[in-house]
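With the first letter of the sequence shown counted as 1, position 12 gets the number 13 in the working numbering; the numbers rise by one all the way through.
Cβ atoms here follow ideal geometry from the backbone N, Cα and C, with glycine treated the same way.
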Amino acid sequence: MISPAKLQGKVAAMLPTGLGQAAWAAGTSTAEALISPAKLAALLTAPAARAVGSHALARRTSGTAANIGDTLAGSALAAANANGDGSSNLSGTWICLGYSTDTSSATRTTLWRRIS
Numbered sequence: 002m003i004s005p006a007k008l009q010g011k012v013a014a015m016l017p018t019g020l021g022q023a024a025w026a027a028g029t030s031t032a033e034a035l036i037s038p039a040k041l042a043a044l045l046t047a048p049a050a051r052a053v054g055s056h057a058l059a060r061r062t063s064g065t066a067a068n069i070g071d072t073l074a075g076s077a078l079a080a081a082n083a084n085g086d087g088s089s090n091l092s093g094t095w096i097c098l099g100y101s102t103d104t105s106s107a108t109r110t111t112l113w114r115r116i117s
């Protein structure tokens with residue numbers, strides 16, 4: 002496996018002619034089509050648990066179904082295991098990445114991603 006530092010070095014070696022090294026490395030150049038080391042590192046870095054961009058297996062606390070793309074306040078979700086057991090409510094806004102029914106805690110459990 003290649004280390005992030007080694008990967009950054011390989012990407013930096015591909016610096017286009019005429020583009021400032023510091024601006025490109027920081028991801029602040031106007032050449033947005035380029036993937037800078039800073040932008041690449043941001044894509045490869047996993048967000049902390051419960052942070053924006055993180056994923057959670059959670060169940061709806063009410064008995065309503067959820068479909069892919071539905072958004073929901075974290076206060077209406079509880080972190081859960083595959084059986085639907087769990088009690089810790091989430092914060093922020095989450096988007097559903099799966100499907101859940103309204104019949105039981107287990108069937109109200111699916112994958113969610115925090116969007117705000």
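{"Asked": "Start and end residues, beta strand (DSSP E) containing LEU98", "Found": "Here LEU98 belongs to no beta strand (DSSP E), and DSSP marks it neither H nor E."}
{"Asked": "Neighbourhood of LEU73 by C-beta, 6 angstroms cutoff - its chain only, sequence neighbours within 5 removed", "Found": "TRP95"}
{"Asked": "Exposed unless 16 or more other CB atoms sit within 10 angstroms - verdict on LEU45", "Found": "exposed"}
{"Asked": "Simplified DSSP state of ALA47, which is helix, strand or coil", "Found": "coil"}
{"Asked": "Length of the line joining the Cα atoms of THR110 and PRO38", "Found": "37 angstroms"}
{"Asked": "Between the CA atoms of LYS7 and SER106 - distance to the nearest angstrom", "Found": "46 angstroms"}
{"Asked": "Boundaries (first-last residue) of the beta strand (DSSP E) holding ARG114", "Found": "110-115"}
{"Asked": "Residues bridged to THR65 [DSSP beta-bridge criterion]", "Found": "According to DSSP, which records beta bridges pairwise, THR65 is partnered with nothing at all."}
{"Asked": "Close Cβ partners of ASN82 (< 6 angstroms) along its chain, the five nearest in sequence each way excluded", "Found": "none"}
{"Asked": "Spatial neighbours of GLY125 in its chain, beta-carbon cut-off 6 angstroms, leaving aside the 5 residues before and after", "Found": "Here the chain covers residues 2 to 117 and nothing more, so residue 125 does not appear."}
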